[in-house]
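Undergrad:
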Amino acid sequence: MGPQLHFDADAPSRKPALLLVHGLLSSRNHWLPNLPALRRVFRTVRVDLPGHGLSPPRPSPDQLHPDHLVQALDSIRQRLGLTNWALCGQSFGAGLTLRYALQWPERVPFHIFTNATVAVSDMSPAQVLSRWTTRLPRLKSGQPDALLQEPVHPSHARFWPAKLRDRLAQDAADMDPLAYAALIEHGLAHLPLGRTLAHLRPPGLLVNGQHERRFQPLRATLPAVMPRLHIVDLTGGHSINIDNAAGFDAAVLKFASEHLGFPDESQ
20 MGPQLHFDAD APSRKPALLL VHGLLSSRNH WLPNLPALRR VFRTVRVDLP
70 GHGLSPPRPS PDQLHPDHLV QALDSIRQRL GLTNWALCGQ SFGAGLTLRY
120 ALQWPERVPF HIFTNATVAV SDMSPAQVLS RWTTRLPRLK SGQPDALLQE
170 PVHPSHARFW PAKLRDRLAQ DAADMDPLAY AALIEHGLAH LPLGRTLAHL
220 RPPGLLVNGQ HERRFQPLRA TLPAVMPRLH IVDLTGGHSI NIDNAAGFDA
270 AVLKFASEHL GFPDESQ
């Protein structure tokens, strides 16, 4: 059974639902720049990962495995009374939405994701954790600035709108470093999907931030692995939905129009 997750959902409507799942050290507010465009077409549902935003800070370690986290996402679908929903994941969140689409393809008309190096790799848990050998002890020590030293901390985002950067930085400041470390050990370490992505049935869109160099070699391999994947390359980095919000919104709405049969709202 998965952990309880906080979520914000738009009011019920006849619009198709779109689940938005953020990455590490962010929150459901990660999608604020995109909501005006996406809400023209979708009923949006934004979730907070465990220990992030308004979700409970410390679920049990076994609940942090990606298999249990996708169960938690599906419990939200059930609470909202949805038969299906489109998915959109960023970074860690993409690892969950991709796994969800693999597990329940009949509930996913299409899926969208952005740069997600660990999720699409074929690394073992030990290989993932080897990248955290110095950072995990710091996080577990409870040092006040432990989270601030993380490369993905929102305060380091030089090109984001200042108001959004400050809001996400405050969300991160409210987090428990021990809860974050637990999500790395019990969640991120088991996130890689590798060649299982070849079994994805729903059509997919990758909106790729070209400036994130470490992701580009993996991006180049994905068309051979995922035959139903369409890729849009945009100027921007890891958080392409913020770095290039207009380009991201246009790519998503164009792709959705092709798969849901409504007019392209990106024009």
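The sequence shown begins at 20 in my numbering and counts up one residue at a time. Glycine residues also receive a C-beta, built at the ideal position from the N, C-alpha and C atoms.
If you compare alpha carbons, which of Pro144, Ser143, Ala165 and Met142 is closest to Thr153?
TA: Ala165
Undergrad: Quick check: the segment 224–241 against the segment 135–142, are there 3 or more CB pairs under 8 angstroms?
TA: yes
Undergrad: Per the DSSP calculation, Asn227 is bridged to which residue(s)?
TA: DSSP output for Asn227 lists Asp252 as bridge partner(s).
Undergrad: Secondary structure at Gly108, three-state DSSP: helix, strand or coil?
TA: Three-state result, Gly108: strand.
Undergrad: Using the Cα positions of Gly255 and Phe178, report the straight-line distance between them to the nearest angstrom.
TA: Distance between the alpha carbons of Gly255 and Phe178 is about 10 angstroms.
Undergrad: What residue range is occupied by the uninterrupted beta strand (DSSP E) comprising Val64?
TA: Arg62 to Val66
Undergrad: Which first and last residues belong to the beta strand (DSSP E) in which Asp27 is found?
TA: Its beta strand (DSSP E) spans residues Phe26 to Ala28.
Undergrad: In the structure shown, what three-state DSSP assignment does Phe132 receive?
TA: Under the three-state reduction of DSSP output, Phe132 falls in the strand class.
Undergrad: Can you tell which of Thr240, Ala188 and Asp195 has the C-alpha that lies nearest to the C-alpha of Leu225?
TA: For Leu225, the nearest C-alpha among the options comes from Thr240.
Undergrad: Does Gln286 pass the burial test, meaning 16 or more other C-beta atoms within 10 Å, or should it be called exposed?
TA: In this prediction, Gln286 has a pLDDT of 49, which is less than 50 and means its spatial position is unreliable; nothing more can be read from the coordinates.
Undergrad: On the criterion of 16 or more Cβ atoms from any shown chain inside 10 Å, does His257 qualify as buried, or is it exposed?
TA: buried
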